[in-house]
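Numbering (this note's numbering), first residue to last: 2 to 382.
First the structure, in the form of structure tokens, and then the observations on it.
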Amino acid sequence: MSYSAFIEPLDVWSFRGNRVFGAAGSWGEAVMPPPPSVVAGALRSALLARSGVDWQAFADNREEARHPLVGLPDEPGVWRLQDLTLAMRRAPEQAVEPIYPWPADAVLSDAQVRMMRPQTLPQELRCSQSALPQLPVLADGGRSKPHTGRWLSAQGLRQWIAGQPIAPTEALEAEALWRVEERVGIALDPLKRRAEDQRLFSLQAIACHPGVGLAVRVHGAPLHEGLLRLGGDGRGARLLPQAIDWPQPDVQAIARAGRAKLLLSSPGLFPQGWLPTGADVAQAGVGVSFELHGVRARIVAAAVPRAQVISGFDVARRRPKTAQRVVPAGAVYWLDELQATPEAIQRLLDEGLWPSDPQAPGWDPQRRAEGYNRCLLGLWP
2 MSYSAFIEPL DVWSFRGNRV FGAAGSWGEA VMPPPPSVVA GALRSALLAR
52 SGVDWQAFAD NREEARHPLV GLPDEPGVWR LQDLTLAMRR APEQAVEPIY
102 PWPADAVLSD AQVRMMRPQT LPQELRCSQS ALPQLPVLAD GGRSKPHTGR
152 WLSAQGLRQW IAGQPIAPTE ALEAEALWRV EERVGIALDP LKRRAEDQRL
202 FSLQAIACHP GVGLAVRVHG APLHEGLLRL GGDGRGARLL PQAIDWPQPD
252 VQAIARAGRA KLLLSSPGLF PQGWLPTGAD VAQAGVGVSF ELHGVRARIV
302 AAAVPRAQVI SGFDVARRRP KTAQRVVPAG AVYWLDELQA TPEAIQRLLD
352 EGLWPSDPQA PGWDPQRRAE GYNRCLLGLW P
């Protein structure tokens, strides 16, 4: 069963990127929204604290500290993060509206949103994306500069899912959601318990506008109202459980259509780089076959932004996590020759882009619990 909540900031947030900082004169850049692992860690810590867990025994993976839902650090339980998005509540009595990364196949310019469409290009125009037979092309009668830094409202995502044109009014600017503040920090000497000399550094902080926060949905355990320590320096946040109207695909219509667009709603960790889990590159040049959770199709085109790098810190083991390249949220894959029942499509949405077999390449129970490889399907008009 799934449970939803709104995370409201009580202070500025410091969600740091993957670049090392802290040395004298260094610069700490903030990211927004945070990687799913940051929020998953805060929610799991709150759940463990409510149960009165022995933290040292839990960090040591001792059986007596196993939580019935969270499990152990090396063996996660049934709890997992299903959705993490920006969110807005325009008034205290109004519903929380999820806000999504801008889809890579949509281009906003000249006060209109135009969609890329896959096309087969001449042999002379083949490029490094030769594994796929088509490239997403934007038909444009003139020159225009696309707007960047946009986010998509829940209504805009519903339009994308239904294969309808996205209204320009559904595009939200980052400046309308939060502002970035520059802060100065100083390194601390853990032995002398004082500030170190000549160790000033700068970093960014995220100050959300009123009503702006994060929306989450988890599987396996209810979310209880309370306080969270979130991100760098453990900045304050309030967890407010409530029902959220999450955009959902029409699995019946997608099964009948026989083709669809797949959208990453969270960063993707795939064993084959930019190709999603379930892809088979053996058919390079004519399309890449895709089979996962009972869904079969052929990937004929893809719009994939530049890769990002994630890592983080493993609190239980007291060491940094391995840095990994991920496909950013918002990447789009076109699936043709789709063969799947509505039940299989729903299972793909529920399980995400993870192998069915825990022994298969790409299986990572930790990152799965943290909410990576989540996706949505939309109609391909």
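Think of the CB as a built atom: it goes at the ideal place given N, C-alpha and C, for glycine as much as any other residue.
Candidates the options: which alpha carbon is nearest residue i's?
i    : options                   : result
S267 : R218, R63 and G214        : R218
Q208 : G235, N62, E125 and W179  : Reading the sequence as shown, one finds Ala at residue 208 and not Gln. For A208, the nearest C-alpha among the options comes from W179.
D246 : A96, I8, R91 and G53      : A96
W384 : A107, G331 and R348       : Since the displayed the chain opens at 2 and closes at 382, residue 384 lies outside it and no answer follows.
W103 : A155, S52 and D111        : A155
A256 : Q113, V310, A345 and E125 : A345
R51  : P35, E64 and P69          : P69
L336 : W14, A302 and A105        : A302
L270 : D365, A88, P211 and P382  : D365
L293 : A370, L339 and V310       : L339
V310 : W80, T342 and P35         : P35
H210 : D106, Q83 and V13         : V13
G227 : G235, L240 and R184       : L240
Y4   : R81, R67 and P250         : R81
S110 : M116, L265 and P147       : P147
P119 : L136, A370 and R320       : L136
A370 : E352, A261, G259 and L201 : E352
Reducing DSSP to helix, strand and coil, say where residue i ends up.
i    : result
Q135 : coil
A88  : strand
Q360 : coil
V97  : coil
V252 : helix
P69  : coil
A285 : Reliability of the predicted coordinates at A285 is poor, the pLDDT of 49 falling under 50, and the value obtained from them is presented with this limitation in mind. Here A285 sits in coil by DSSP.
V296 : strand
E9   : strand
W14  : strand
M2   : coil
D337 : strand
I346 : helix
F59  : helix
L377 : strand
L48  : helix
S38  : helix
A105 : coil
P366 : helix
A280 : strand
G235 : helix
A208 : strand
L126 : helix
R257 : helix
G53  : coil
A43  : helix
E371 : coil
Check whether the Cβ atoms of residue i and residue j lie closer than 8 Å to each other.
i    : j    : result
C376 : L263 : yes
A222 : F59  : no
R305 : V328 : Before going on, a small fix: residue 305 reads as Val here, not Arg. In contact: V305 and V328 (Cβ atoms closer than 8 Å).
L85  : P37  : yes
P134 : T121 : yes
L44  : Y101 : no
E30  : G18  : yes
L158 : V108 : no
A216 : F16  : no
V252 : A105 : no
A196 : I187 : yes
G372 : Q57  : no
L224 : P242 : yes
L126 : R151 : no
T278 : L354 : yes
P99  : A88  : yes
L48  : V71  : yes
Could you round the C-beta distance between residue i and residue j to whole angstroms and report it? I think they count as a contact, below 8 Å.
i    : j    : result
I300 : A324 : That pair is no contact at about 27 Å.
P74  : N62  : 6 Å
P250 : L378 : 5 Å
A254 : L380 : 6 Å
V79  : A66  : Not confirmed; about 17 Å, so no contact.
P169 : Q160 : So it is not a contact: roughly 11 Å between Cβ atoms.
A272 : P362 : Before going further, note that residue 272 is Pro rather than Ala in the sequence given. That pair is a contact at about 4 Å.
A308 : R326 : 5 Å
At the 8 Å Cβ level, is residue i part of the contact set with chain D, yes or no?
i    : result
L350 : The chain labelled as chain D is not found in the depicted structure, where only one protein chain is given.
With a floor of 4 residues, list each alpha helix (DSSP H) that falls wholly inside the stretch 140-200, ordered by position along the chain. You should have 155-162.
What are the start and end residues of each continuous beta strand (DSSP E) run of 3 or more residues lying completely inside the stretch 305-331, in chain order? Taking 3 residues as the shortest admissible run, the stretch 305-331 contains the following complete beta strand (DSSP E) segments, listed from N- to C-terminal end: 309-311 and 325-327.
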